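If you read the sequence shown in our numbering, its first letter stands for residue 19, the second for the next number, and so on.
We treat Cβ as the ideally placed atom computed from N, Cα and C, and that holds for glycine.
Owing to the predicted nature of the structure, the values given are computational and were not obtained by experimental measurement.
Report on one structure; see the data block that follows.
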Amino acid sequence: MGSDSTDAVVIGSGFGGSVTAARLAESGVQVTVLERGPWWDTVPVRSMGIKDRTPLPRGISLFARAMRSVYHPLLPWGRTRINRKGLFEVYYSRGMEVVCSSGVGGGSHVYSALHRRPARPDYWDGHCPDLNEASMAPHYAAFVARVGSTRPGPDNAPPHSAMEIYSNHPEFTPVVPKDEVRVGFRFPEDPANPKLTQTEAGIERWETDYSTGDHGFLGAPSGSKSTMDFVYLGPAIRKGLEVRALCEAISISAQTGGGRRFRVDYFDHNQRVRATIEADNVFLGAGTMNTLRLLLESRDRYHGLSGMPNLGKRFSGNGDIRGFWDLNDQDRDYSEGVPSKGAIKLRDESLPQVGIGRNNLPSVNSYPFPKFIRERLKRGMVVSGMGEDAMDGVATSEGRRFRIHFDPSNSPIYRQIHDALMEMGRRSGRRIYAGKTPATVHPMGGACVGEADAGGVIAANGEVHGVPGLYVVDAAAFPRPTASPPTLSIGAWAENVAARFLARG
Ligand SMILES: Cc1cc2nc3c(=O)[nH]c(=O)nc-3n(C[C@H](O)[C@H](O)[C@H](O)COP(=O)(O)OP(=O)(O)OC[C@H]3O[C@@H](n4cnc5c(N)ncnc54)[C@H](O)[C@@H]3O)c2cc1C
Numbered sequence: 019m020g021s022d023s024t025d026a027v028v029i030g031s032g033f034g035g036s037v038t039a040a041r042l043a044e045s046g047v048q049v050t051v052l053e054r055g056p057w058w059d060t061v062p063v064r065s066m067g068i069k070d071r072t073p074l075p076r077g078i079s080l081f082a083r084a085m086r087s088v089y090h091p092l093l094p095w096g097r098t099r100i101n102r103k104g105l106f107e108v109y110y111s112r113g114m115e116v117v118c119s120s121g122v123g124g125g126s127h128v129y130s131a132l133h134r135r136p137a138r139p140d141y142w143d144g145h146c147p148d149l150n151e152a153s154m155a156p157h158y159a160a161f162v163a164r165v166g167s168t169r170p171g172p173d174n175a176p177p178h179s180a181m182e183i184y185s186n187h188p189e190f191t192p193v194v195p196k197d198e199v200r201v202g203f204r205f206p207e208d209p210a211n212p213k214l215t216q217t218e219a220g221i222e223r224w225e226t227d228y229s230t231g232d233h234g235f236l237g238a239p240s241g242s243k244s245t246m247d248f249v250y251l252g253p254a255i256r257k258g259l260e261v262r263a264l265c266e267a268i269s270i271s272a273q274t275g276g277g278r279r280f281r282v283d284y285f286d287h288n289q290r291v292r293a294t295i296e297a298d299n300v301f302l303g304a305g306t307m308n309t310l311r312l313l314l315e316s317r318d319r320y321h322g323l324s325g326m327p328n329l330g331k332r333f334s335g336n337g338d339i340r341g342f343w344d345l346n347d348q349d350r351d352y353s354e355g356v357p358s359k360g361a362i363k364l365r366d367e368s369l370p371q372v373g374i375g376r377n378n379l380p381s382v383n384s385y386p387f388p389k390f391i392r393e394r395l396k397r398g399m400v401v402s403g404m405g406e407d408a409m410d411g412v413a414t415s416e417g418r419r420f421r422i423h424f425d426p427s428n429s430p431i432y433r434q435i436h437d438a439l440m441e442m443g444r445r446s447g448r449r450i451y452a453g454k455t456p457a458t459v460h461p462m463g464g465a466c467v468g469e470a471d472a473g474g475v476i477a478a479n480g481e482v483h484g485v486p487g488l489y490v491v492d493a494a495a496f497p498r499p500t501a502s503p504p505t506l507s508i509g510a511w512a513e514n515v516a517a518r519f520l521a522r523g
């Protein structure tokens with residue numbers, strides 16, 4: 019078993035992990051990132067000089083590389099790993115299904131790159147004395163600037179938008195968002211002629227090619243999507259950041275005997291050995307599910323941590339329900355453009371008024387299916403809604419079993435979205451296939467920011483109450499559902515944690 023040490027260990031390299039790791043390393047802190055998944059083989063990652071890369075799932079490897087792991091109550095110990103280099107992880111429970119992802123850059127490879135503020139304008143107010151909308155504002159701005167999050171103009175707007183199709187539709191109308199929606203794509207100056215470009219840090223990436231549709235939830239090999247591996251980690255690696263891919267944290271233990279010090283045990287999938295690393299500070303950015311699992315198992319199974327009486331409580335699925343709208347629209351190939359094509363709602367105000375997002379299925383040309391199936395899939399859409407649920411889920415660790423307990427009947431939003439989807443299907447004459455069980459790609463909460471005696475697990479600087487040096491930098495920290503796509507807020511939260519850590523000196 020190898021052992022080494024550093025100033026700070028960051029677990030996970032999604033939005034929370036990458037932002038924190040990069041900001042700390044760029045300010046001279048010695049940081050090691052442990053990421054359980056591989057580097058993905060993309061143009062920017064190649065340009066960064068990373069040698070050991072894994073192709074994103076395409077073609078026949080779609081089956082082998084799409085799934086990393088599955089959690090299901092009927093599996094032995096409740097879980098199984100399918101492929102250590104797989105892209106997705108799925109959690110099944112009676113009340114909720116959760117999908118998250120794996121690999122350097124985390125969910126930035128699979129997301130649709132929508133950047134939105136939380137639905138409530140006072141989202142950050144009233145949880146901790148020194149945390150509020152005003153204190154978070156510069157951190158939102160820092161994330162937007164680093165990612166280059168933007169909007170297309172009239173000359174390079176992607177096709178099949180809600181405005182283009184539904185402005186004068188008898189049944190549906192586009193949802194005009196109250197807040198600004200930005201997108202983490204490099205839009206083409208000339209859509210007919212996308213070019214190879216360089217980031218400020220000299221990393222290569224292509225402008226988005228609207229004709230390929232090869233940049234959705236199966237990743238973007240061309241680098242057209244702004245992913246955390248090259249936006250945050252790449253420049254920071256040049257300043258000394260160490261990223262250990264295929265290294266999976268197992269537990270965190272607070273060391274006893276003077277001063278604060280942590281030991282992180284992990285499994286190195288490259289060498290197939292267990293190893294440990296010690297650090298004064300540990301930042302958890304493993305994504306809500308894995309951050310909660312690591313904290314719960316470190317406390318309840320490995321007894322390396324203690325306290326955290328509110329841990330696991332106030333878990334939310336962000337109201338997510340999704341389905342597939344089998345439009346079979348012969349006039350449109352929805353695989354073109356960018357993944358998200360804007361939201362619509364029912365025009366008749368006496369019907370459920372929920373905004374329903376429309377996304378394409380990505381990279382359909384690469385699916386190992388007969389052509390007629392691929393063509394049909396290109397002519398339909400993934401549809402989804404989100405909103406504020408009761409945030410009353412509970413995550414637990416019982417022996418080796420990690421579970422989510424969630425009763426959707428406590429949250430009217432799930433029923434409202436399902437009803438809206440079914441009505442949309444009826445009104446369009448084209449069926450929408452959607453389950454009633456919440457199926458979220460936006461899990462959040464469970465290690466919420468707030469005062470300890472008011473249900474909080476962490477303080478305004480991300481530090482766990484009663485465990486100095488241990489921080490939560492991802493959406494597990496969120497105090498309430500965002501009711502909107504959360505990555506902009508995760509990035510801002512991690513910017514906040516990093517800034518407060520650095521300000522402490
Ligand atoms: C299909 C899809 C589309 C989406 N579209 C959008 C969108 O348009 N806009 C938006 O805002 N959100 C979107 N999301 C949600 C978004 O991807 C997540 O909210 C976001 O990725 C969460 O960020 P995070 O930093 O909390 O964790 P993640 O991005 O999940 O990163 C966590 C990382 O930690 C790693 N990890 C986990 N456990 C360990 C361990 N034990 N040791 C080491 N590493 C570990 C994981 O492999 C992963 O790389 C989408 C999600 C999906 C699945």
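Starting from the N-terminal side, write out each stretch of the alpha helix (DSSP H) that is 4 residues or longer and does not extend beyond the stretch 422–497.
Entirely contained in the stretch 422–497, the alpha helix (DSSP H) runs reaching 4 residues are, in chain order, 430–446.
How about the stretch 51–62 and the stretch 252–263: do they share at least three Cβ pairs that are nearer than 8 Å?
They touch, by the three-pair rule.
Once DSSP output is grouped into helix, strand and coil, what is the label at alanine 521?
Position 503 of the sequence shown, counting from 1, holds the residue named residue 521. Here alanine 521 sits in helix by DSSP.
For tryptophan 582, count the other beta carbons within 10 Å of its own beta carbon; 16 or more makes it buried, fewer makes it exposed. Which is it?
Because the chain in this structure spans residues 19 to 523, residue 582 falls outside the shown range and cannot be described.
Let me confirm a value: proline 533 is counted as buried when at least 16 other C-beta atoms fall within 10 Å, else exposed. Which label applies?
With the chain represented from 19 up to 523, any question about residue 533 goes unanswered, as that position is not in the structure.
Any heavy atom of ligand 1 closer than 7 Å to the CB of arginine 256?
Along the sequence shown, read from residue 1 onward, the residue named residue 256 stands at position 238. Arginine 256: no, Cβ never under 7 Å from ligand 1.
Are tyrosine 129 and proline 176 touching if we call contact CB-CB under 8 Å?
On the sequence shown, position 111 is the one that residue 129 refers to. On the sequence shown, position 158 is the one that residue 176 refers to. Contact: no.
With DSSP collapsed to three states, give me the class of glycine 122.
In the sequence shown, residue 122 corresponds to position 104, counting from 1. Per the sequence shown, residue 122 should be read as valine rather than glycine. Coil, per DSSP.
Is DSSP giving phenylalanine 387 helix, strand or coil here?
Walking along the sequence shown from the start, residue 387 turns up at place 369. Residue state, collapsed to three classes: coil.
Could you name the residues of the same chain whose beta carbon sits closer than 6 Å to that of proline 503, not counting the 5 residues immediately before and after it, in chain order?
Position 485 of the sequence shown, counting from 1, holds the residue named residue 503. Contacts found: Leu132 and Arg134.
Going by DSSP, what residues sit across from arginine 223 in a beta bridge?
Reading the sequence shown from its first residue, position 205 is the one you call residue 223. Arginine 223 pairs with Thr215.
Which two residues bound the contiguous beta strand (DSSP E) that contains threonine 414?
Locating residue 414 in the sequence shown gives position 396, where the first residue counts as 1. It spans 411–416 - the beta strand (DSSP E) in which threonine 414 sits, taken as one unbroken run.
Could you check what DSSP says for methionine 19 in three-state terms: helix, strand or coil?
Within the sequence shown, numbered from 1, the residue matching residue 19 stands at position 1. Summary for methionine 19: the model assigns pLDDT 47, below 50, so the residue's position carries little reliability; its value from the coordinates is reported in the next sentence. In this structure, methionine 19 counts as coil in the three-state DSSP scheme.
Is there at least one non-hydrogen atom of ligand 1 closer than 7 Å to the beta-carbon of arginine 4?
Since the first residue shown for the chain is 19 and the last is 523, residue 4 is missing from the structure and cannot be characterised.
Can you tell me the Cβ-Cβ gap for tyrosine 432 and glycine 337, rounded? I've got them flagged as a contact below 8 Å.
Position 414 of the sequence shown, counting from 1, holds the residue named residue 432. Position 319 of the sequence shown, counting from 1, holds the residue named residue 337. Contact holds; Cβ gap of about 7 Å.
Just reading off the beta strand (DSSP E) that valine 291 is part of, what are its end residues?
For the purposes of this step, residue 291 is taken as residue 273 along the sequence shown, with counting starting at 1. Note, valine 291: beta strand (DSSP E), 291–302.
Which residues bound the beta strand (DSSP E) around aspartate 286?
Here residue 286 refers to the residue found at position 268 when the sequence shown is read from its first residue. Counting along the chain, the beta strand (DSSP E) containing aspartate 286 begins and ends at 280–286.
Once the 5 residues before and after phenylalanine 161 are set aside, which same chain residues still bring their CB inside 6 Å of it?
Position 143 of the sequence shown, counting from 1, holds the residue named residue 161. Gly509, Ala510 and Glu513, listed in sequence order.
Helix, strand or coil for tryptophan 343? Go by DSSP, reduced to three states.
Here residue 343 corresponds to residue number 325 of the sequence shown, with the count starting at 1. Residue state, collapsed to three classes: strand.
Could you pull out every unbroken beta strand (DSSP E) segment of at least 3 residues lying fully inside the stretch 92–118, listed in chain order?
Here the runs fully enclosed are 97–99 and 106–110.
Nearer than 7 Å: is that true of the beta carbon of aspartate 227 relative to any heavy atom of ligand 3?
This structure lacks ligand 3; its bound ligands are ligand 1.
Under DSSP, the alpha helix (DSSP H) around valine 49 begins and ends at which residues?
Within the sequence shown, the letter at position 31 stands for residue 49. Run containing valine 49: none in the alpha helix (DSSP H); it sits in the beta strand (DSSP E), 49–52.
Ligand 1 and glutamate 222: does the residue's C-beta get closer than 7 Å to at least one heavy atom of that ligand?
As a first step, residue 222 must be located in the sequence shown, where it is residue number 204. No.
Flag methionine 368 as yes when its Cβ comes closer than 7 Å to any non-hydrogen atom of ligand 1, and as no otherwise.
The count along the sequence shown starts at 1 and reaches residue 368 at position 350. Note that residue 368 corresponds to serine in the displayed sequence, not to methionine. No, the beta carbon of serine 368 sits no closer than 7 Å to any heavy atom of ligand 1.
Return the CA-CA distance between valine 282 and arginine 290, expressed in angstroms with no decimal places.
Here residue 282 corresponds to residue number 264 of the sequence shown, with the count starting at 1. Here residue 290 corresponds to residue number 272 of the sequence shown, with the count starting at 1. For valine 282 and arginine 290, the distance between alpha carbons rounds to 17 Å.
With contact counted as at least three CB pairs below 8 Å, one residue from each stretch, are the stretch 490–497 and the stretch 458–474 in contact?
Touching, yes, given that three or more Cβ pairs across the two stretches are closer than 8 Å.
What does DSSP give as the partner residues of leucine 149 in its beta bridges?
Within the sequence shown, the letter at position 131 stands for residue 149. Note: leucine 149 sits in a beta bridge opposite Cys146.
Report back the beta-carbon spacing between glutamate 115 and alanine 457 to the nearest angstrom; my notes put them in contact at under 8 Å.
Position 97 of the sequence shown holds residue 115. Position 439 of the sequence shown holds residue 457. Yes, glutamate 115 and alanine 457 are in contact; Cβ-Cβ is about 4 Å, under 8 Å.
Note down, in chain order, each residue of its chain lying with its Cβ closer than 7 Å to the Cβ of glycine 480, except the 5 sequence neighbours on either side.
By 1-based counting over the sequence shown, the position of residue 480 is 462. Contacts found: Tyr489, Val490, Val491, Ala495 and Val515.
Between Gly375, Thr414 and Ala517, which has its C-alpha nearest asparagine 308's C-alpha?
Looking up residue 308 in the sequence shown gives position 290. Measuring from the Cα of asparagine 308, the nearest candidate turns out to be Thr414.
Checking the sheet assignment: what are the DSSP bridge partners for phenylalanine 203?
Your numbering for residue 203 matches position 185 in the sequence shown. Note: phenylalanine 203 sits in a beta bridge opposite Lys243.
What residues are listed by DSSP as bridge partners for alanine 267?
In the sequence shown, the residue the question calls residue 267 occupies position 249. Answer by DSSP bridge pairing, in chain order: Tyr284.
Output the distance between the C-alpha atoms of glycine 373 and histidine 287, rounded to the nearest integer angstrom.
Start at 1 with the first residue of the sequence shown, and residue 373 comes out as number 355. Start at 1 with the first residue of the sequence shown, and residue 287 comes out as number 269. Cα-Cα distance, rounded: 42 Å.
Measuring straight from C-alpha to C-alpha, what distance separates tyrosine 109 and alanine 304?
Translated into positions along the sequence shown, residue 109 becomes position 91. Translated into positions along the sequence shown, residue 304 becomes position 286. Between tyrosine 109 and alanine 304, the C-alpha separation is close to 15 Å.
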